[in-house]
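Using this note's numbering, read the sequence shown as starting at 6 and increasing by one per residue.
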Amino acid sequence: ARHVKDKENPLTTLRLPTDNMRLLEAPGLHRAVPRLRQVFVDVGATDKISLLLDVVVGGGGSGSAAYKKDGKTNPLTMVFCNTVASCRAAEHALKEAGVRSLCYHGDLNSVERGDNLALFRASGEGIAQET
């Protein structure tokens, strides 16, 4: 699979070339809310937890949640994880660094997920890590 970029709307078409299938194209695969700022960081084989802490706690530049020791953050930062274990590891590392965060993953029951989502939304700030 590969994304086909166009000048006006990058990453909007996915092509899946195979021998026994037709070429599939789907416009609009990646659309963001106009006020949403998305930053994607390719971390490769680096220590992801250390990099997460550098970005969140250390100010990390334009991709940062800009967490400050006085407890103020830019509103609502989300960290997406591939597994429940990595989600828990991120939550633990952030808490150890003094950063308030919430988990949202499939191992939580629906009440816990709902409560965490409500807390995240109501706070107007903070970090959520999710699967």
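Even for Gly, the Cβ is constructed at its ideal location relative to N, Cα and C.
Since this is a predicted model, take the numbers as computed values, not measurements.
>> For Glu1, tell me which candidate among Ala127, Ala90, Asp120 and Ser55 has the shortest Cα-Cα distance.
In response: Since the first residue of the chain shown is 6 and the last is 136, residue 1 is not available in this structure.
> Does the Cβ-Cβ distance between Val89 and Leu57 come in under 8 angstroms?
Replying inline: no
> If you count every other CB in all the chains shown that lies within 10 Å of the CB of Ser106, and 16 or more means buried, which is it?
Replying inline: buried
> By the 10 Å Cβ neighbour count, where 16 or more other Cβ atoms means buried, how is Val38 classified, buried or exposed?
Replying inline: exposed
>> Please identify the residue among Val61, His97 and Ala133 whose C-alpha is closest to the C-alpha of His110.
In response: Ala133
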